[in-house]
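Below is one structure, written out as structure tokens; the observations come after it.
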Amino acid sequence: MTRLTPHMIRDVPFSSAERDSELIRTLGMTLKGLAYEAVGIDLRQLRMEDYTAAAVPVTSGMGTTEGFSDSVCAIVEHLGMSAFVTDRSDVAGFSEAISAGADIVFMADDDEFVAFNCRTRTFSNNTRSTALGYFTALRVAADGLRGREVLLIGAGRVGTYAAELLDRERAKVTVVDMDRSRAEALKKAHDNFRVKYDLMDAVMESGLIFNASPARVPGEWIREGAIISSPGMPFSFDDEGLRRVGTLIHDPLQIGVSVMAVWSAGKSLSQISIPEGREIKMEAI
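Using the working numbering, the first residue of the sequence shown is number 8, and each one after it goes up by one.
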């Protein structure tokens, strides 16, 4: 999991309206609408206003990231939840969240970022949620992916879950990763996938791209009008790339957290269409 820096997320608490405007322009839906679309829940089925979320700072490993918990709260409040950051951290903070009646508890360390549903004792995972959110954004922006050529850059954790979704959608996937063994592992798991070893050639040939990598992608490589869904951090594109691209979906935190929140809250409903699969699934305790 990419470790975010304070600089990467400094504008998140103040940019919800702007983010909605960008998504309406590119996808025809808001951040909340994208999260509901990703999870497969109708807006009328789930009222986020019925949930309270807590963000618990975690000090293990490299410690807390300044502004992270506040950013999470701002995102879920934009979705309609009530939210607060606990005064205490770690286990004490989790205890505080439960005692205060939180329905969903967000916690992140160096390796995992989860949203724990206190009602159902299940949790959503940011890696899976990010893959699902950006896959959905690519599908909507492209008006469908079935039978379409898609370049998947990055065969790490997010890329692996994106691969599962792209395969289930019957997209024609080409994988490129600087670690050839990871790209080959994805091809082995998905017989119809292809592997390329030259990032420049792969990008120049592609009109639909899922970028799950922090690799820099020079603008002169990008095809005019390309549609790119890019959860990879740090941001991969330069000014020339932004000029050439037709649609670019990217933010440091909002899409992943929004899908996490809706996915976790949605498990409280008895009958919903949660996207289960071999890789994309909700963990249970």
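Just so it is clear, CB atoms sit at the ideal spot from N, CA and C, and this is done for glycine as well.
Pair within 8 Å by beta-carbon distance, residue i and residue j
i    : j    : result
L260 : I82  : yes
A60  : I111 : yes
E231 : E247 : no
R153 : A169 : no
V92  : S76  : yes
R201 : I229 : no
V46  : A62  : no
G74  : P13  : yes
A192 : A162 : yes
E56  : G35  : no
V269 : L53  : yes
T134 : K274 : no
Buried versus exposed, by CB contacts within 10 Å (16 or more), residue i
i    : result
M185 : exposed
A104 : buried
T37  : buried
A90  : buried
M114 : buried
L173 : buried
D258 : buried
V98  : exposed
P238 : buried
D49  : exposed
F123 : buried
R155 : buried
R146 : buried
S243 : buried
L276 : exposed
S28  : exposed
Nearest-angstrom Cβ-Cβ length linking residue i and residue j, presumed shorter than 8 Å
i    : j    : result
Y58  : A272 : 5 Å
K203 : T181 : 6 Å
N218 : I160 : 5 Å
V121 : S106 : Their Cβ separation, rounded to whole angstroms, is 19 Å, which puts V121 and S106 out of contact at 8 Å.
P225 : D245 : 6 Å
Close Cβ partners of residue i (< 7 Å) along its chain, the five nearest in sequence each way excluded
i    : result
A24  : none
M207 : W228
I31  : T37
R187 : Y204
D94  : E103
Close beta carbons around residue i, own chain, < 6 Å, minus the five adjacent residues each side
i    : result
D117 : G68, M69
V266 : A42, A45, S136, L139, G140
I256 : A144, S236
S96  : P64, T66
L158 : T181, A209, S213, I216
T254 : T33, A148, I234
R189 : A162
H85  : S23
M211 : W228
R164 : T134
D20  : One detail in the question is off: residue 20 reads as Pro in this sequence, not Asp. Counting only Cβ-Cβ distances below 6 Å, and skipping sequence neighbours, we find D77, S78, A81.
F142 : A169, L172
C125 : D110
S220 : I160, G161, G239
C-beta neighbour in chain B for residue i, strict 8 Å
i   : result
E25 : Although the question refers to chain B, the structure presented lacks it and comprises just one protein chain.
Own chain, CB closer than 8 Å to residue i, minus 5 neighbours either side, in chain order
i    : result
T72  : R10, L11, T12, P13, I16
K194 : V182, F200, R201, V202
R26  : L38, D258, Q261
L249 : G226, L255
Starting from the N-terminal side, write out each stretch of the alpha helix (DSSP H) that is 4 residues or longer and does not extend beyond the segment 139 to 227.
Taking 4 residues as the shortest admissible run, the segment 139 to 227 contains the following complete alpha helix (DSSP H) segments, listed from N- to C-terminal end: 164 to 175, 187 to 196, 206 to 211.
What are the complete beta strand (DSSP E) segments, minimum 3 residues, inside the segment 19 to 76?
Every beta strand (DSSP E) stretch that sits fully inside the segment 19 to 76 and reaches 3 residues is listed by chain position as 59 to 63.
Please give me, in chain order, every unbroken run of the alpha helix (DSSP H) with length at least 4 that falls completely inside the segment 68 to 124.
Whole alpha helix (DSSP H) segments, 4+ residues: 75 to 86, 97 to 106.
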